[in-house]
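Worksheet for the structure shown next.
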Amino acid sequence: MPKEPETGYDPSLGRKFIFVTGGVMSGLGKGITAASTGRLLSNAGFDVTAVKIDPYLNVDAGTMNPYQHGEVYVLKDGGEVDLDLGNYERFLGTDMTSDHNVTTGKTYQHVIEKERAGDYLGKTVQIIPHITDDIKRRIREAAEETDVCIVEVGGTVGDIEGMPYLEALRQFAHEEDDDDILFTHVTLVPYSKNGEQKTKPTQHSVKELRSIGLQPDILVGRCEDKLDIETKEKIALFCDVHIDAVFSNPDVEDVYHVPLMVEEEGLDQYVMDRLGLDEEALPPAERDNRWRELVTRDRADEVDIALVGKYDLEDAYMSVHEALKHAGIERQTEVNVLWVDSDEMLDRHENRLKEADGVVVPGGFGSRGIEGKLKAIEYCRAHNVPFLGLCLGFQMAVVEHARNVLGHEDAHSAELDPDTGYPVIDILPEQYEVEEMGGTMRLGAHDTQIESGSLAEHVYGDTVCTERHRHRYEVNPEYIGELERGALDFSGRADNRMEIVERTDHPFFFGTQFHPEFRSRPDRASPPFVGFLEAVAGELDARELADQEVQA
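Structure (structure tokens):
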């Protein structure tokens, strides 16, 4: 129900559903458009959730290469999902579950398991009605106890993989009241060489959608600039929608400005009018304005942060980029991310580190680029450069310490070198018998106990934190005693598992086995990232904290 009781929203009105499809090409920004719509409805006092439909046959995103699909985003329940779920969590300020990500693999697996169990009583199991019924069930269950559910259909209208989902939505529209359903179609409006905004791609995309039995209620044109009035009129005429239902979504410097842009276009008001929510919404003067205040906040300072990874693709490290941005918002600092290719760092990228005010080594899998990451960590340790290591970055910080401080030249992770004579990183005990790759790692939210008086306690402001994990290997407990020589301290633990590492002889050398970036929000920046920027600004020095602890 609405967050604000003053709205007087009547639960008997039922849930509302906004279905978002895309045309012409993928990667247009359907997810950001959908998330922005949800943010504005949330500002108006409604409880909003989202469902991302991914038509691929994978059960989840856990085994997918970041080059193909961007980062694997991890939810609190351990669901490995599409990165758009990260955008929904960040924009809506809610924690979702794996039920909010529907894939073809997940749907077919469930239906086939029911068939094998005899649940269909001998019927012929078909796409219609069995697959489409399961899709509709998943959407309705994910929407429970909310006012509005936004459902984004991945891919592009016309893709063979997406046909069962569009058919399910066509059926869905027949089963719900007209004023409870809204179809939004996001499409490309390119420029011709003479600078004219071209509507033909939009026309063909809508024609394809209508051939399936779906008529869009709203059209959102993705273009470099706002749509001209003539362009809107032409789209409205040829796509059979009212001109007031054609909206611009032009390019912006920061995706967090998209809600402000579509609000200026009046998209949120049109949606509320069409869904019969206008009278139940908070008056404009009483709506939550924190988002606008946050994303338009002035930046008094500017820093350069080196991100040392092996995937030369921003989407592969999207949550890390966003967490740095959130910390920058909190500290009113513009954060410029410098890409450092760990594969090439040994030859020509070390100068990129010298340009940076701080260094982040993110998570990842596989041996490619590892030596470059180790060199980057060594550089930070030796030159007192603020360092933040995440998951694999945390593990490599331990390996670097074992090699270059303790003198064990052959120290390594058993994941990357099974023959190492000094496996300071080893497989989790419960993973010994695991054969399947998908969904079998240590996943989701787990608690970490934090050492009193440590840098970690200063960063979190508490002696316990809850963060999300995604790993199969951990610090080998057999070497803990030796590793904690030479100023290295495991200041965060979960029973016998090492979760946080720091150095007491360094301004800010901080690593986490978990992924704090997954819980970072524009209005709730991740503590390790905030602490990292404090150290970059010279406002935090772990050596001073250690001295204070000794004196105490």
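Taking this note's numbering, the leading residue of the sequence shown gets 7, the next gets one more, and so forth.
Think of the CB as a built atom: it goes at the ideal place given N, C-alpha and C, for glycine as much as any other residue.
Cβ-based neighbour list, P265, same chain, cut-off 7 angstroms, excluding 5 preceding and 5 following: Counting from 1 along the sequence shown, the entry for residue 265 is found at position 259. If we look at P265 and ignore the five residues flanking it on each side, its Cβ neighbours are S42, R45, L46, W297.
Y385 and E356 closer than 8 angstroms at C-beta: As a first step, residue 385 is located in the sequence shown; it is residue number 379 there, counting from the start. As a first step, residue 356 is located in the sequence shown; it is residue number 350 there, counting from the start. Cβ atoms of Y385 and E356: closer than 8 angstroms.
Cα-Cα separation between H475 and H210, rounded to whole angstroms: Residue numbering aside, residue 475 sits at position 469 when the sequence shown is read from its first letter. Residue numbering aside, residue 210 sits at position 204 when the sequence shown is read from its first letter. Distance between the alpha carbons of H475 and H210: 44 angstroms.
Environment of N200 [buried if 16+ CB atoms lie within 10 Å]: Residue mapping note: residue 200 aligns to position 194 of the sequence shown, counting from 1. So N200 counts as exposed.
C-beta atoms of L412 and G369 nearer than 8 angstroms: Reading the sequence shown from its first residue, position 406 is the one you call residue 412. Reading the sequence shown from its first residue, position 363 is the one you call residue 369. In this structure, the beta-carbon distance from L412 to G369 does not fall below 8 angstroms.
Cross-strand partners of N342 (DSSP beta bridge): The residue you call residue 342 lines up with position 336 of the sequence shown. D310.
Whole-angstrom C-beta distance between P256 and C229, which should lie under 8 angstroms: Here residue 229 refers to the residue found at position 223 when the sequence shown is read from its first residue. Here residue 256 refers to the residue found at position 250 when the sequence shown is read from its first residue. Right, their Cβ atoms sit about 6 angstroms apart.
R509 versus T69: straight-line alpha-carbon distance, rounded: If you number the sequence shown from 1, residue 509 lands on position 503. If you number the sequence shown from 1, residue 69 lands on position 63. Cα to Cα, R509 sits roughly 34 angstroms from T69.
Three-state class that DSSP yields for Q221 in the structure shown: Taking the sequence shown and counting its residues from 1, the one referred to as residue 221 is at position 215. Coil at Q221, not helix or strand.
Beta-carbon gap between P429 and N502 smaller than 8 angstroms: Your numbering for residue 429 matches position 423 in the sequence shown. Your numbering for residue 502 matches position 496 in the sequence shown. No, Cβ-Cβ distance for P429 and N502 is not below 8 angstroms.
Sufficient close CB pairs (3 or more, under 8 angstroms) joining the region 306–324 to the region 61–68: no
Coil, strand or helix - E356 by DSSP: The residue given as residue 356 occupies position 350 in the sequence shown. Looking at E356 - three-state DSSP - the assignment turns out to be helix.
Inter-residue spacing [alpha-carbon to alpha-carbon] between D495 and D416: Here residue 495 refers to the residue found at position 489 when the sequence shown is read from its first residue. Here residue 416 refers to the residue found at position 410 when the sequence shown is read from its first residue. Each residue's Cα considered, the two are about 21 angstroms apart.
Three-state secondary structure (DSSP) of M7: The residue labelled residue 7 in the question sits at position 1 within the sequence shown. Annotation note: pLDDT 38 at M7 (below 50); position unreliable, no value reported.
C-beta contact flag for T138 and E182 at 8 angstroms: Reading the sequence shown from its first residue, position 132 is the one you call residue 138. Reading the sequence shown from its first residue, position 176 is the one you call residue 182. No; because the gap between Cβ atoms is not below 8 angstroms, this pair is not in contact.
Which listed residue (E77, V192, V26, E286) has its alpha carbon closest to that of L89: Residue numbering aside, residue 89 sits at position 83 when the sequence shown is read from its first letter. Among E77, V192, V26, E286, the Cα nearest to that of L89 belongs to E77.
Alpha-carbon to alpha-carbon, V54 and P290: Walking along the sequence shown from the start, residue 290 turns up at place 284. Walking along the sequence shown from the start, residue 54 turns up at place 48. When rounded, the distance between both Cα atoms is 18 angstroms.
Three-way DSSP call (helix, strand, coil) for T454 in this model: Counting from 1 along the sequence shown, the entry for residue 454 is found at position 448. T454 falls in the strand class under three-state DSSP.
Interface flag, T110 vs chain C, CB-CB below 8 angstroms: The structure shown contains no chain C; it holds only a single protein chain.
Assigned exposure category for Y126 - 16 Cβ within 10 Å defines buried: Walking along the sequence shown from the start, residue 126 turns up at place 120. Classification for Y126: exposed.
CB contact flag (F189, L233, <8 angstroms): Along the sequence shown, one-based indexing puts residue 189 at 183. Along the sequence shown, one-based indexing puts residue 233 at 227. In terms of Cβ geometry, F189 and L233 do not form a close pair [threshold 8 angstroms].
Cβ distance (whole Å) where R96 is taken to contact R527 below 8 angstroms: In the sequence shown, the residue the question calls residue 96 occupies position 90. In the sequence shown, the residue the question calls residue 527 occupies position 521. About 6 angstroms; that satisfies the 8 angstroms criterion.
Anticipated Cβ contact below 8 angstroms, Y94 with A67, distance rounded: Position 88 of the sequence shown, counting from 1, holds the residue named residue 94. Position 61 of the sequence shown, counting from 1, holds the residue named residue 67. Not confirmed; about 14 angstroms, so no contact.
Residue environment, Y276, which counts as buried when at least 16 other CB atoms sit within 10 Å: Locating residue 276 in the sequence shown gives position 270, where the first residue counts as 1. Answer is buried; the Cβ neighbour count reaches 16.
Nonlocal neighbours in the same chain, by C-beta distance under 6 angstroms from D363, ignoring five residues either side: By 1-based counting over the sequence shown, the position of residue 363 is 357. So the list reads V309, D310, V542, once near-sequence residues are dropped.
Buried or exposed by the 16-neighbour rule on C-beta atoms within 10 Å, applied to V532: Your numbering for residue 532 matches position 526 in the sequence shown. The sequence given here places Ser at residue 532; Val does not occur at that position. Label assigned to S532: buried.
Through-space distance from N107 to H389, alpha-carbon basis: Here residue 389 refers to the residue found at position 383 of the sequence shown. Here residue 107 refers to the residue found at position 101 of the sequence shown. Rounded to whole angstroms, H389 to N107 spans 44 angstroms at the Cα level.
Separation of H116 from K129, as counted between CA atoms: Working through the sequence shown from its first residue, we reach residue 129 at position 123. Working through the sequence shown from its first residue, we reach residue 116 at position 110. The alpha-carbon separation between K129 and H116 amounts to approximately 16 angstroms.
Spatial distance of A329 from A179 (CA atoms): If you number the sequence shown from 1, residue 329 lands on position 323. If you number the sequence shown from 1, residue 179 lands on position 173. About 38 angstroms.
Three-way DSSP call (helix, strand, coil) for L19 in this model: If you number the sequence shown from 1, residue 19 lands on position 13. Confidence in L19 is poor, its pLDDT being 44 and thus under 50, which makes the residue's placement unreliable; the coordinate value appears in the next sentence. In the three-state scheme derived from DSSP, where H, G and I count as helix and E and B as strand, L19 is classed as helix.
Run of the beta strand (DSSP E) containing R476, from where it starts to where it stops: For this step, residue 476 is matched to residue 470 along the sequence shown. Residues 470–477.
DSSP three-state assignment for P61, whether helix, strand or coil: Here residue 61 corresponds to residue number 55 of the sequence shown, with the count starting at 1. P61: coil per DSSP, three-state reduction.
3-residue-minimum beta strand (DSSP E) runs that sit fully inside the region 76–155, ordered along the chain: 107–109
For P435, the three-state DSSP class (helix, strand or coil): Translated into positions along the sequence shown, residue 435 becomes position 429. Residue state, collapsed to three classes: helix.
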